[in-house]
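Heads up: the structure comes next, in C-alpha cells.
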Amino acid sequence: MSAIVLVGSQWGDEGKGKITDFLAEKADCVVRYQGGSNAGHTVEVMNQQFKLHLIPSGILYPNTMCIVANGVAVDMGELIKELDELQSQGIDTKNLRISRRAPLVMPYHKRIDSLEDRAANIGTTKRGIGPTYADKINRIGFRIGDLLDSRDYFEPRFAAQVKQKNRIIEEIYGEPGFDYRELLDELMEQVERLRPYIADTSLLIYEAMRNRQKVLFEGAQGTLLDIDHGTYPFVTSSHPIAGGACVGAGVGPTCIDRVLGVAKAYTTRVGEGPFPTELKDAEGDMLQQRGMEFGTTTGRKRRCGWLDAVILRYAVRLNGLTDLAITKLDVLDEFPAVKICTAYKYKGTLIDEFPESIEVLEGCQPVYMELPGWQEDISHITAYDQLPPNARRYLETIYELTGVRQTLISVGPKRSQTIVQEQLFD
Ligand code: IMP
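Oh and the sequence shown: position 126 is 125 in numbering that gives the first Met the number 0, straight run, nothing missing.
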C-alpha cells in the first residue's frame, strides 16, 4: 500500500499542480478531497497547457483513476466546462469518478458569495464555496446524489431553498432572485451529463488501497487557508490540511503513509488578511514578476514576500509533514541576497510559533536571516549537487529550520525541471 497526501504549506498557489502532475504520472489513483473550483492548477505536459479547477490532474494519464471525492464542493456547470475543454484537447475522461455525496454549488451560492463578500471583504474567489459549505453544515444543502434519487425527496426541499435564498438576495441585497423551474431544469440536464461518472468513491479508494495501488490525495489551497487552523476569517471554508483527506475522501488515518508539503521558495497570498513577510517594494514586485504571480482562477495579482519559516514549522506540525517539495527556487535566481523569516517580533517579544490570534499576527514584524543569493540561472539543473553553493545553502537552511527532508525541488514549470532527491512512488 502506498498513499501520499500532498498539501499546500502556505496560503495556496505553492505550485501543487506541477508536483501533483509529477506524482500523478506514477499514481494509480488521484483524489481531490476538499475545496472546489476556487482552486486552479496549471499543468504543462508535452508543450500543452492544461488549466484544471475541479478535475485532478491525473486525468492527463490514460490509466489513472481520478476522483472528485465527497469533500469537494462540486459546481456541475464548471465541471462540465472542464470536461468539454479536456475532451477538445484530446484527453480521454473515462477514468473520472465523482462522489454521490459531494455537496453541490448552486447558482444562488455563487451570487450570495459575491454579495456577502462586499461586506465581509475576505476577498473570496466568488465561486460559492463558503455558502455551499455553510449549507452543508447547516444540513440544508444538496448532494449530487440527491438529483439521482426520486424527485419526491428533492423537489420540495429544493423549492423551499430557492424561496429562502431568493428572500436573502431580493430583500437584503435588492437584487433579482432565481427562477426555481429554470434552476431545476438546468440541474437535471447537468446531472444527466455527469451520471456515468458518479460513484461510491470512498469504496473505490479503499479497494485501490487494498489492491496495493498507489493513491495520491491532492490538497487544494493551503494550510493557512484551513477553516480551523488558518488565518481565520481570511481563510477558505474547507480543510486543506492533511487531516482533511480522511474526512473529505472517506478513508482512515492509518491508510496514509506519507505527507508531502509543497512550499514555494518565497511566500505569496491572494485576497485579504495578514502576511508578515509581505514586501510592498521593488523586491516584492520582482518576486511578483519573475514568479508570474497571478491567480489561475481569478487573475488577481498575488501579494509576495520572503520565505517564512514560522509558517513552514506550523505546516510541519499541523500536517505531520514527512517530506517537502520546494518550488519556484529559480524565481530567486537574480536576487543578490535572499531572506528567510525565522521568528516574529511582537511588542518587543520574540515569537517563534505561529500565533493563534489574528490581531497578534497583524502586529508581528518578521525577524530575518539574510543569505547570499546565487545570481545565476538554475532552471536547467536536474541534480542537487549541480546547484550553485548558495542555492544549496538556502535549501539546507530551510532544512535546518523545518527538520523535514526535501524530496523534490522544482526549478521551472516543466516536469523535466525537477530535482528528485527520492522517488515517492517507487
Ligand atoms: P474562497 O475559497 O473563494 O471562499 O476564498 C477564501 C480565501 O481563500 C480568499 O482569500 C481566496 O483568495 C483564498 N483562496 C481560495 N482558493 C485559493 C487558491 O486556490 N489559492 C490561493 N488562495 C485561494
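Glycine included, every Cβ here is placed at the ideal spot set by N, Cα and C.
Kindly indicate the opening and closing residues of the beta strand (DSSP E) around residue i.
{"i": "Cys28", "result": "Cys28 to Arg31"}
{"i": "Phe157", "result": "Taken as a continuous stretch (DSSP letters only), Phe157 belongs to no beta strand (DSSP E), being part of the alpha helix (DSSP H) at Arg150 to Arg166."}
{"i": "Val96", "result": "Reading off the sequence shown, one finds Arg at residue 96, where the question assumed Val. Note, Arg96: beta strand (DSSP E), Leu95 to Ser98."}
{"i": "Tyr367", "result": "Gln364 to Pro371"}
{"i": "Thr348", "result": "Thr348 to Ile350"}
{"i": "Asp322", "result": "Asp322 to Thr326"}
{"i": "Ile408", "result": "Arg404 to Ser409"}
{"i": "Lys109", "result": "It is not in any beta strand (DSSP E) - Lys109 instead sits in the alpha helix (DSSP H) that spans Pro106 to Ala119."}
So is the beta-carbon of residue i under 6 angstroms away from any non-hydrogen atom of the ligand IMP?
{"i": "Asp178", "result": "no"}
{"i": "Leu53", "result": "no"}
{"i": "Gln9", "result": "no"}
{"i": "Gly16", "result": "no"}
{"i": "Gln220", "result": "yes"}
{"i": "Arg126", "result": "yes"}
{"i": "Leu224", "result": "yes"}
{"i": "Val403", "result": "no"}
{"i": "Asn426", "result": "This structure cannot settle anything about residue 426, because the visible part of the chain is limited to 0 through 425."}
{"i": "Thr19", "result": "no"}
{"i": "Thr396", "result": "no"}
{"i": "Thr426", "result": "In the structure as shown, the chain begins at 0 and stops at 425. Residue 426 is therefore absent and cannot be evaluated."}
{"i": "Asp12", "result": "yes"}
{"i": "Thr266", "result": "no"}
{"i": "Gly347", "result": "no"}
{"i": "Val269", "result": "yes"}
{"i": "Gly129", "result": "yes"}
So, at 8 angstroms on beta carbons, what are the nonlocal neighbours of residue i in its own chain, with the 5 sequence-adjacent residues on each side left out?
{"i": "Phe274", "result": "Trp10, Thr266, Arg268, Arg302 and Gly304"}
{"i": "Ala308", "result": "Ile339, Cys340, Thr341, Ile397, Leu400 and Thr401"}
{"i": "Asp27", "result": "Asn62, Thr63, Met64, Ala207, Gln212, Lys213 and Val214"}
Let's test the definition: count the other Cβ atoms within 10 Å of the Cβ of residue i and tell me whether it reaches 16, buried, or not, exposed.
{"i": "Val30", "result": "buried"}
{"i": "Phe293", "result": "exposed"}
{"i": "Arg96", "result": "buried"}
{"i": "Gln48", "result": "exposed"}
{"i": "Ile136", "result": "exposed"}
{"i": "Ala281", "result": "exposed"}
{"i": "Ala382", "result": "exposed"}
{"i": "Ser409", "result": "buried"}
{"i": "Pro335", "result": "exposed"}
{"i": "Thr63", "result": "buried"}
{"i": "Asn318", "result": "buried"}
{"i": "Ser236", "result": "buried"}
{"i": "Ser98", "result": "buried"}
Which first and last residues belong to the alpha helix (DSSP H) in which residue i is found?
{"i": "Tyr393", "result": "Pro388 to Thr401"}
{"i": "Gln189", "result": "Tyr179 to Leu193"}
{"i": "Glu217", "result": "Here Glu217 belongs to no alpha helix (DSSP H); instead the beta strand (DSSP E) covers Lys213 to Glu217."}
{"i": "Ser201", "result": "Thr200 to Arg209"}
{"i": "Ala314", "result": "Ala308 to Asn318"}
{"i": "Cys340", "result": "Per DSSP, Cys340 belongs to no alpha helix (DSSP H); it is in the beta strand (DSSP E), Ala336 to Tyr345."}
{"i": "Gly242", "result": "Gly242 to Ala248"}
{"i": "Val359", "result": "Ile357 to Glu361"}
{"i": "Lys17", "result": "Lys15 to Ala23"}
{"i": "Arg456", "result": "No statement about residue 456 is possible, as the shown extent of the chain runs from 0 to 425 and does not include it."}
Quick one: what's got a C-beta closer than 7 angstroms to residue i's C-beta in the same chain, skipping five residues either side?
{"i": "Ile167", "result": "Ile111"}
{"i": "Thr92", "result": "Ile58, Leu82, Leu85 and Gln86"}
{"i": "Leu386", "result": "Ile377 and Ile380"}
{"i": "Val337", "result": "Leu331, Leu370, Gly372 and Tyr393"}
By Cβ distance, which residues of its chain are closer than 6 angstroms to residue i, with the 5 residues on each side in sequence left out?
{"i": "Leu286", "result": "Tyr265 and Cys303"}
{"i": "Lys164", "result": "Tyr107"}
{"i": "Val433", "result": "With the chain represented from 0 up to 425, any question about residue 433 goes unanswered, as that position is not in the structure."}
I'd like to confirm something about residue i: is its beta-carbon nearer than 6 angstroms to some heavy atom of the ligand ZN, or not?
{"i": "Gly122", "result": "Questions concerning the ligand ZN fall outside what the structure shown contains, since the ligands it does hold are the ligand IMP."}
Counting Cβ pairs closer than 8 angstroms, one from the segment 91 to 108 and one from the segment 210 to 219, do we hit at least three? As far as the Cβ criterion goes, the segment 91 to 108 does not touch the segment 210 to 219, which means the pair count is below three.
Can you find at least 3 beta carbon pairs, one from the segment 117 to 134 and one from the segment 146 to 157, that sit closer than 8 angstroms? Short answer: they don't touch.
Touch test, the segment 155 to 164 against the segment 54 to 67, Cβ-Cβ under 8 angstroms, three pairs minimum: Contact annotation: the segment 155 to 164 does not touch the segment 54 to 67, with fewer than three C-beta pairs closer than 8 angstroms.
Are three or more beta carbon pairs between the segment 185 to 204 and the segment 245 to 257 nearer than 8 angstroms? Yes, they touch.
Between the segment 57 to 71 and the segment 18 to 34, do three or more beta carbon pairs fall short of 8 angstroms? Yes, they touch.
Counting pairs of Cβ atoms below 8 angstroms between the segment 139 to 149 and the segment 183 to 190, do you hit three or more? Yes, the segment 139 to 149 is in contact with the segment 183 to 190.
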